[in-house]
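In terms of numbering that gives the first Met the number 0, the sequence shown opens at residue 0 and continues consecutively. Note that the Cβ used here is the ideal one computed from N, Cα and C, for glycine as well. These figures come from a predicted structure and were not determined experimentally. Worksheet: the structure to be examined is printed underneath.
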Amino acid sequence: MAHQTITALYDDYDAASTAVGKLEAAGIPHADISIVSSNEGDRHAGRLNTTNAVGGTGHHDTTEKASSGAGAGATVGTVLGGAAGLLTGLGLLAIPGVGPVVAAGWLVATVTGAGIGAAAGGLAGGLTGAGLSESDAHTYSEGVRRGGTLVTVRADDAHAARVMDILEEHGSIDVDERAQNWRAEGWTAPQAAAATSPNAIPGSALGSTVEGRNRVRAYPNTPV
0 MAHQTITALY DDYDAASTAV GKLEAAGIPH ADISIVSSNE GDRHAGRLNT TNAVGGTGHH
60 DTTEKASSGA GAGATVGTVL GGAAGLLTGL GLLAIPGVGP VVAAGWLVAT VTGAGIGAAA
120 GGLAGGLTGA GLSESDAHTY SEGVRRGGTL VTVRADDAHA ARVMDILEEH GSIDVDERAQ
180 NWRAEGWTAP QAAAATSPNA IPGSALGSTV EGRNRVRAYP NTPV
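Written as structure tokens, this is what we have:
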């Protein structure tokens with residue numbers, strides 16, 4: 000059965016985390032869901048147990064690495080409280096060009112794996128490795144850098160529509176519209192983002208649109 004990678008960006012972390020919980024309740028495996036959220040201003044400090052650093056990398060050190068672009072840092076700690084599912088693995092990650100984020104799920108391994116990270120553009124490199132076009136990947140990376148939360152789901156065709164419904168129900172944004180606003184403010188995507196995907200809509204910031212949906216994107220035939 001064919002598979003898709005489905006993406007949605009949120010302004011509000013709580014809305015994104017609610018969507019993640021609903022995806023899990025609908026039977027989407029934890030291993031197929033990922034969340035990456037800006038930790039600008041240390042906004043997620045209360046959700047992390049930073050006393051258990053991985054590889055000796057503490058909270059402050061990881062944040063400093065992200066700010067300086069020194070490289071992808073280790074994930075740190077776990078979610079405090081009684082949260083279940085994917086979000087129990089939430090940790091702090093330093094991503095060059097994006098800054099400190101909290102993240103959990105399969106995309107973390109893609110971003111921090113060999114050949115990804117700083118050399119390939121941090122989060123954008125991880126997203127292109129997951130099957131997104133460079134144009135789309137840089138736009139989502141910018142969205143996280145500006146304070147957003149990205150949810151990325153791997154789903155087979157039988158479950159794709161339900162996944163999109165859930166992501167839209169909880170307030171995902173129109174990234175194409177948002178990117179136009181960023182460009183009007185002077186944002187210029189890296190040169191690598193200039194190429195559009197084969198099914199790009201002329202004038203659109205993102206190419207993999209889904210008919211009738213403007214707040215999710217899907218990338219068919221992505222290996223899982």
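Contact set for residue i: own chain, Cβ-Cβ below 7 Å, skip 5 residues either direction
i, result
"residue 262", "Nothing can be reported for residue 262: it is not among the residues displayed for the chain, which extend from 0 to 223."
"residue 10", "147 and 172"
"residue 22", "32, 152, 162 and 165"
"residue 69", "Interpretation of residue 69 is limited by its pLDDT of 42, a score under 50 that renders its predicted location unreliable; the figure taken from the coordinates is listed afterwards. Excluding residues within five positions, none has a Cβ falling inside 7 Å."
Through-space distance from residue j to residue i, alpha-carbon basis
i, j, result
"residue 34", "residue 189", "23 Å"
"residue 183", "residue 93", "28 Å"
"residue 86", "residue 145", "22 Å"
"residue 211", "residue 99", "34 Å"
"residue 209", "residue 215", "7 Å"
"residue 90", "residue 46", "9 Å"
"residue 167", "residue 219", "18 Å"
"residue 30", "residue 40", "29 Å"
"residue 181", "residue 143", "13 Å"
Buried versus exposed call for residue i [16 or more other C-beta atoms within 10 Å across all chains shown]
i, result
"residue 233", "Since the first and last residues shown for the chain are 0 and 223, residue 233 lies out of range."
"residue 28", "exposed"
"residue 157", "exposed"
"residue 38", "buried"
Test item: CB-CB of residue i and residue j under 8 Å
i, j, result
"residue 226", "residue 101", "The chain is shown only over 0 to 223; residue 226 falls outside these bounds and no answer can be derived."
"residue 8", "residue 152", "no"
"residue 88", "residue 121", "no"
"residue 178", "residue 5", "no"
"residue 43", "residue 154", "no"
"residue 186", "residue 133", "no"
"residue 12", "residue 127", "no"
"residue 137", "residue 160", "no"
Integer-rounded CB distance, given that residue j should sit under 8 Å from residue i
i, j, result
"residue 165", "residue 25", "6 Å"
"residue 104", "residue 32", "5 Å"
Residue i CB to nearest heavy atom of the ligand GTP below 7 Å
i, result
"residue 219", "No copy of the ligand GTP occurs in the structure displayed, which carries no ligand at all."
Cβ neighbours of residue i in the same chain (closer than 8 Å, five flanking residues each side left out)
i, result
"residue 19", "32, 34, 84, 85, 86 and 150"
"residue 139", "6, 8, 122, 123, 126, 131, 149 and 174"
"residue 213", "173, 175 and 176"
"residue 17", "169"
Residues near residue i in its chain [Cβ-Cβ closer than 6 Å; skip 5 each side]
i, result
"residue 176", "none"
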